[in-house]
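Peer 1: Protein chains in written order, with this note's numbering: chain A, 224 to 506; chain B, 569 to 779. First, the structure itself, so that you have it in front of you.
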Amino acid sequence: MKNSIVWNNAEKKFDLFHLQPVTMNLEQGSIMGLIGENGSGKTTLIKLVLNLISLSGGNIEVLGMDSVTKQNEIKQKIAFVPDETIFYEMFTAKEVNKIISKLYVNWQENVFFDYLQKFEIPVNKNIKSFSMGMKKKLAIACALSHKAELLLLDEPMNGLDPVARQQMRDILQEFVEIESHSVLLSSHITEDLEKIADYITLIEKGNVILSKNKEELLENYGVASFSKEDLKEIDVKDYVSVKQYAFGCKVLVQNKKMFLRKYDGAVMDNASLEDIMVFYHER
Amino acid sequence: MIGLLYKDVIYMKKMWKTVLLFSVFFIVFSFVQSNTISAISFISIMIGGNFSMLPFSYDNYSKWNEYQYAFPVSKKTVVCSRYLFGLVLFGICLLLNVVGLLLVQIEILLFTRPYAPITIQYVSAEILPLFFIPIMQAISFPLMYRFGAEKGRSYVICAIAVIIAIVISVIRIWGGEITYSSVLITLVGVAVVMYVLSMLLSICIEKKKVQ
């Protein structure tokens with residue numbers, strides 16, 4: 224299996240933040256979801272791929288090319304959707320087409336206008352009058368109209384209603400049906416990632432805590448419930464972290480089958496991505 | 569580069585109502601006052617000099633600055649397209665002046681007697697000031713790239729004031745005869761040299777920006 228992105232000890236140091244060296248990869252034909260609290264380093268990780276910020280160490284390969292020396296070739300083949308609109312609000316979708324069409328070699332005007340029609344985006348209205356969802360859809364239409372092989376999306380579901388989120392998920396799944404395509408997206412809405420992501424990467428305070436196959440993750444991780452007294456008997460090495468409540472406590476475990484073998488009779492629930500994210504934060 | 573140029577041109581087109589209103593007021597005012605087009609030269613310098621700085625502010629406001637390099641454009645291309653936009657504005661202003669000059673001549677020919685033929689001095693006096701547009705852009709663009717739209721604007725005002733003071737002082741100290749041809753050569757030469765140097769400096773500034 225070929226990789227779309229390979230991070231080799233890629234790191235970034237700011238004055239007040241350090242994205243620790245990251246070594247992982249995104250396989251072609253897959254969707255990787257980045258989760259983590261605000262300021263954990265998700266956007267930094269995406270910006271490094273785009274070379275919007277310079278690496279402090281290591282390197283990143285995108286579509287088999289070095290992200291720094293081959294950035295122009297790479298950017299013709301990838302698309303980025305930031306979490307905010309970057310087009311002048313006084314522009315119309317038609318004018319956006321005029322601008323972007325001159326930036327990409329493989330721009331497909333008919334595809335762009337087809338998406339606008341599908342998303343019900345008015346062609347001649349100012350972006351200023353668009354809802355958050357419409358702005359996001361316009362950005363997605365731009366991203367899908369130049370034969371990109373890799374999509375990088377920063378909080379694409381933010382501000383979208385359930386119908387629009389479903390539409391977005393369908394688009395992304397349709398996109399990765401082509402074997403050479405892949406998607407890297409960050410999202411706070413873990414529910415969406417549970418539905419579409421193939422891999423999940425959890426970032427916490429600049430550290431990549433885990434990067435695993437989603438199915439494996441959801442199959443292995445669990446949340447066990449105990450009374451406060453029973454917790455004393457549990458070895459701290461057997462769980463990630465604990466959350467105390469008024470009448471008991473819950474722990475996140477990495478391997479629920481092993482845990483149940485060791486602690487017979489424990490009440491175990493499946494862990495959601497949100498549970499995993501929250502428990503790792505509590506650590 | 570064409571895409572980026574389009575962006576700035578479309579932006580200016582959107583601002584066109586404001587520019588037009590501004591221009592019409594001064595044109596009508598100048599016709600009523602003295603049948604000269606000095607006001608047109610003045611408006612042109614204002615439009616060409618100041619309006620070329622507006623996309624910097626809007627790039628900043630819309631966060632285009634932050635994400636423009638997600639598109640397949642190099643830093644050199646981004647800077648060059650902005651300078652090209654500056655030249656487009658200069659060209660439009662030049663055209664506006666030539667048209668204005670012709671309109672005034674037609675008006676004189678039809679309604680004012682006796683008709684005085686156009687002289688080189690007259691044309692030079694109306695057209696030459698326009699070369700302050702690329703000079704203003706050459707001063708302002710690197711400052712905008714270096715300090716950003718808001719701070720840069722303050723530095724531009726200071727820089728232009730200092731340069732005007734220097735030029736006036738040099739002319740006074742020199743005391744020799746100033747001919748139209750010497751002014752023409754000096755102004756055009758200075759504008760060209762400053763524009764090229766300014767563009768190189770801006771590319772350098774943009775490339776060195778810490779990310």
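The beta carbon of each residue, even a glycine, is placed where N, CA and C say it ideally should be.
Would you identify the three-state DSSP class for G280 of chain A, choosing helix, strand or coil?
Peer 2: strand
Peer 1: How far does the alpha helix (DSSP H) with P244 of chain A in it reach, from first residue to last?
Peer 2: Counting along the chain, P244 of chain A falls outside any alpha helix (DSSP H), though it belongs to the beta strand (DSSP E) covering 241 to 250.
Peer 1: From this set, B:K575, B:K585, B:V592, which residue's C-alpha is nearest K317 of chain A's C-alpha?
Peer 2: B:K575
Peer 1: Report the neighbours of V587 of chain B on chain A: residues whose CB is nearer than 7 Å to its CB, in chain order.
Peer 2: Neighbours of V587 of chain B on chain A: none; closest Cβ ~14 Å, over 7 Å.
Peer 1: With a threshold of 8 Å between beta carbons, is P697 of chain B in contact with chain A?
Peer 2: no
Peer 1: Are the C-beta of Y338 of chain A and some C-beta of chain B separated by less than 8 Å?
Peer 2: no
Peer 1: Please tell me whether L257 of chain A and A302 of chain A are closer than 8 Å, where the distance is taken between their beta carbons.
Peer 2: no
Peer 1: Does DSSP put A717 of chain B in a helix, in a strand, or in coil?
Peer 2: helix
Peer 1: Determine, for N295 of chain A, whether the minimum Cβ-Cβ distance to residues of chain B falls below 8 Å.
Peer 2: yes
Peer 1: Mind checking whether K298 of chain A and P640 of chain B have CB atoms under 8 Å apart?
Peer 2: yes
Peer 1: What does the alpha-carbon distance come out to for the pair P385 of chain A and S410 of chain A?
Peer 2: 15 Å
Peer 1: With distances taken between CB atoms, is the gap from S227 of chain A to L278 of chain A smaller than 8 Å?
Peer 2: no
Peer 1: What is the residue span of the alpha helix (DSSP H) that Q389 of chain A lies within?
Peer 2: 385 to 398
Peer 1: For V291 of chain A, name the three-state secondary structure that DSSP assigns.
Peer 2: coil
Peer 1: Buried or exposed: I736 of chain B, going by 16 or more other Cβ atoms within 10 Å of its Cβ?
Peer 2: When all chains shown are included, I736 of chain B counts as exposed.
Peer 1: Excluding the five sequence neighbours on either side, which residues of its own chain have a C-beta within less than 7 Å of the C-beta of I412 of chain A, listed in chain order?
Peer 2: By the criterion of a C-beta distance shorter than 7 Å, I412 of chain A is surrounded in its chain by M380, once the five residues flanking it on both sides are discounted.
Peer 1: What do you get for D627 of chain B, buried or exposed, if any count of 16 or more other CB atoms within 10 angstroms of its CB means buried?
Peer 2: In the assembly as shown, D627 of chain B is a buried residue. Its beta-carbon has 16 or more other beta-carbons within 10 Å.
Peer 1: Just checking, does the stretch 447 to 466 of chain A make contact with the stretch 414 to 423 of chain A on the three C-beta pairs under 8 Å criterion?
Peer 2: no
Peer 1: Considering only residues of the same chain and omitting the five flanking positions on each side of T246 of chain A, which have a CB-CB separation below 7 Å?
Peer 2: W230, N231, N232, listed in sequence order.
Peer 1: On the criterion of 16 or more Cβ atoms from any shown chain inside 10 Å, does L239 of chain A qualify as buried, or is it exposed?
Peer 2: exposed
Peer 1: Helix, strand or coil for M583 of chain B per DSSP?
Peer 2: coil
Peer 1: Measuring from the CB of D421 of chain A, is there a heavy atom of the ligand PLP at a distance below 7 Å?
Peer 2: Judged by which ligands are present, the structure shown has none, so any question about the ligand PLP falls away.
Peer 1: Quick one: residues in its chain with C-beta nearer than 8 Å to the C-beta of Y422 of chain A, no 5 flanking neighbours on either side, listed in chain order?
Peer 2: L249, E250, S253, I254, M255, G256, S434, K435, N436, K437.
Peer 1: Determine the contact status of L657 of chain B and S620 of chain B, defining contact as a CB-CB distance below 8 Å.
Peer 2: yes
Peer 1: For I309 of chain A, which residues in chain B fall below 7 Å Cβ to Cβ?
Peer 2: S630, K631, W632, Y635
Peer 1: Helix, strand or coil for W230 of chain A per DSSP?
Peer 2: strand
Peer 1: Count the other CB atoms, across all protein chains shown, that sit within 10 Å of the CB of M704 of chain B; report buried if there are 16 or more and exposed otherwise.
Peer 2: M704 of chain B comes out buried.
Peer 1: Tell me the rounded alpha-carbon separation between K777 of chain B and G382 of chain A.
Peer 2: 32 Å
Peer 1: Would you mind giving the Cβ-Cβ distance between S263 of chain A and K451 of chain A, rounded to the nearest angstrom? I have them listed as a contact below 8 Å.
Peer 2: At roughly 30 Å, the Cβ-Cβ gap does not stay under 8 Å, so S263 of chain A and K451 of chain A are not in contact.
Peer 1: Can you pull the chain A neighbours of S642 of chain B, defined as C-beta to C-beta under 9 Å?
Peer 2: Q294, N295
Peer 1: Check whether the Cβ of P305 of chain A lies closer than 8 Å to any Cβ atom in chain B.
Peer 2: yes
Peer 1: So, do the stretch 443 to 461 of chain A and the stretch 485 to 493 of chain A have three or more beta carbon pairs nearer to each other than 8 Å?
Peer 2: yes
Peer 1: Among B:L670, B:Y635, B:V666, B:F624, which has the Cα closest to the Cα of S649 of chain B?
Peer 2: B:F624
Peer 1: Identify whether D337 of chain A lies in helix, strand or coil by the three-state DSSP scheme.
Peer 2: helix
Peer 1: Do the stretch 754 to 771 of chain B and the stretch 705 to 718 of chain B touch if we need at least three Cβ pairs shorter than 8 Å?
Peer 2: yes
Peer 1: Assuming the contact rule is C-beta atoms closer than 8 Å, K512 of chain A and T315 of chain A should be a hit. Round their C-beta distance to whole Å, please.
Peer 2: Residue 512 of chain A lies beyond the range of chain A shown here (224 to 506); nothing can be said about it.
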